[in-house]
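Visitor: This structure is in structure tokens; I'll ask about it shortly.
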Amino acid sequence: MVIENLGSIRTGKKQMLRGGISDPRNKTLMKMFNMIGIGERAGSGIPDIYQVWENEGWSMPVVEESYNPDRTRLSLEFAKKQSIKTSESEKEPKRSQ
Numbered sequence: 007m008v009i010e011n012l013g014s015i016r017t018g019k020k021q022m023l024r025g026g027i028s029d030p031r032n033k034t035l036m037k038m039f040n041m042i043g044i045g046e047r048a049g050s051g052i053p054d055i056y057q058v059w060e061n062e063g064w065s066m067p068v069v070e071e072s073y074n075p076d077r078t079r080l081s082l083e084f085a086k087k088q089s090i091k092t093s094e095s096e097k098e099p100k101r102s103q
């Protein structure tokens with residue numbers, strides 16, 4: 007799933023990933039969401055998405071910015087992370103001597 011927004015990340019990518027600062031582009035739309043009980047204006051949306059993807063074991067989301075015209079893209083995959091294969095000898099418990 008890809009979510010795109012016109013414009014760059016207004017708080018900066020590091021702050022967006024950290025969360026805690028809300029800076030909506032469309033305050034009227036944000037107010038409408040608040041009136042129907044969705045949207046908190048807590049600046050936690052992106053960190054929450056990353057946490058859900060981590061909890062589900064899905065590949066980490068990817069945030070990309072492009073310019074001229076400015077655009078922000080969030081790509082979300084519903085695919086499990088690649089597991090690291092270990093050799094058979096690593097899977098066996100170590101025996102004490």
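Under the numbering used here, think of the first position of the sequence shown as 7, with each following residue one higher. All C-beta atoms in this analysis are idealised placements derived from N, C-alpha and C, irrespective of residue type, glycine included.
In angstroms, rounded to a whole number, what distance separates the CA positions of residue 34 and residue 40?
Guide: Rounded to the nearest angstrom, the two C-alpha atoms are 10 Å apart.
Visitor: Taking the continuous alpha helix (DSSP H) assigned at residue 34, which residues delimit it?
Guide: That run of the alpha helix (DSSP H) goes 33–41.
Visitor: Below 8 Å CB to CB, which residues in the same chain sit around residue 103 once its five sequence neighbours on both sides are set aside?
Guide: Any reading at residue 103 must be qualified, since the residue scores a pLDDT of 49, below 50, and its modelled position is unreliable; the value itself is stated next. So no residue of the chain qualifies.
Visitor: Classify residue 103 as helix, strand or coil using the three-state DSSP reduction.
Guide: A caution first: residue 103 carries a pLDDT of 49, below 50, which makes its placement in the model unreliable, though a value can still be read off. Of the three classes helix, strand and coil, the one that applies to residue 103 here is coil, per DSSP.
Visitor: Could you check the C-alpha separation between residue 22 and residue 70 for me, to the nearest Å?
Guide: Cα to Cα, the separation comes out at about 12 Å.
Visitor: For residue 76, which residues from the same chain have a beta carbon less than 6 Å from its beta carbon, with the 5 sequence-adjacent residues on both sides left out?
Guide: If we look at residue 76 and ignore the five residues flanking it on each side, its Cβ neighbours are 13, 14.
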